[in-house]
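Terminal number for the sequence shown in the working numbering: 172, no gaps in between. Built from N, CA and C at the ideal position, the CB exists for glycine as well. Predicted model only: the values in this text are computed from it and were never measured. Here is the structure we will look at.
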Amino acid sequence: MLCLLAVTAVIAEDRPEVALSGIEVAPSAPGAETLCKLTATVENSGSRAVYSFGFDVELNGTPLPVYEKQIFLQVIEAGESEDIALFNFWTSETGRPAPADGKLEVLVRLREARWVEVSEIEEDGETVEVWTPAGEVSGLPQTVETTLELK
Numbered sequence: 022m023l024c025l026l027a028v029t030a031v032i033a034e035d036r037p038e039v040a041l042s043g044i045e046v047a048p049s050a051p052g053a054e055t056l057c058k059l060t061a062t063v064e065n066s067g068s069r070a071v072y073s074f075g076f077d078v079e080l081n082g083t084p085l086p087v088y089e090k091q092i093f094l095q096v097i098e099a100g101e102s103e104d105i106a107l108f109n110f111w112t113s114e115t116g117r118p119a120p121a122d123g124k125l126e127v128l129v130r131l132r133e134a135r136w137v138e139v140s141e142i143e144e145d146g147e148t149v150e151v152w153t154p155a156g157e158v159s160g161l162p163q164t165v166e167t168t169l170e171l172k
């Protein structure tokens, strides 16, 4: 009896080493003219630390200009996930009224990040932490979005 065996190679999907894995908006059901807290969760599955995060945030398709030149210098160690507190925002403000349909689309884009080597040196009898940039993170930008129902 002749038996043929088909072998299929399973190739792991290319997963980015640094991933924007989620966002949180509080309160989750705000009203018009409500100040909301915004947090992004970033996962580092790489083999070294990452920092220097550049984000873009849009509300109903309107970019918030405060993010254009802002970099968040928070270190996330290899294999860890951290929340990064972004800027609070108002659900409506001058030039951006509350949406007529009561739905506010919040889009967060992680546009850039950098690898970093963290070391310590002794200087004048004190231990000083030194951050040395070690290159751009590939696989960016990444986007996460959610829709809030305004009450």
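Within the same chain, and ignoring the five residues on either side of Tyr88 in sequence, the residues whose Cβ sits closer than 6 Å to its Cβ are Phe76, Asp77, Val78. Note that the segment 144–161 touches the segment 32–51; at least 3 beta-carbon pairs, one per stretch, sit closer than 8 Å.
The secondary-structure analysis by DSSP pairs Thr55 with nothing; it has no beta-bridge partner. Between the alpha carbons of Ala50 and Val165 lies a distance of about 18 Å.
Annotated three-state conformation of Pro120 is coil, per DSSP. Exposure of Thr153 is indicated by the presence of fewer than 16 other C-beta atoms within 10 angstroms of its C-beta.
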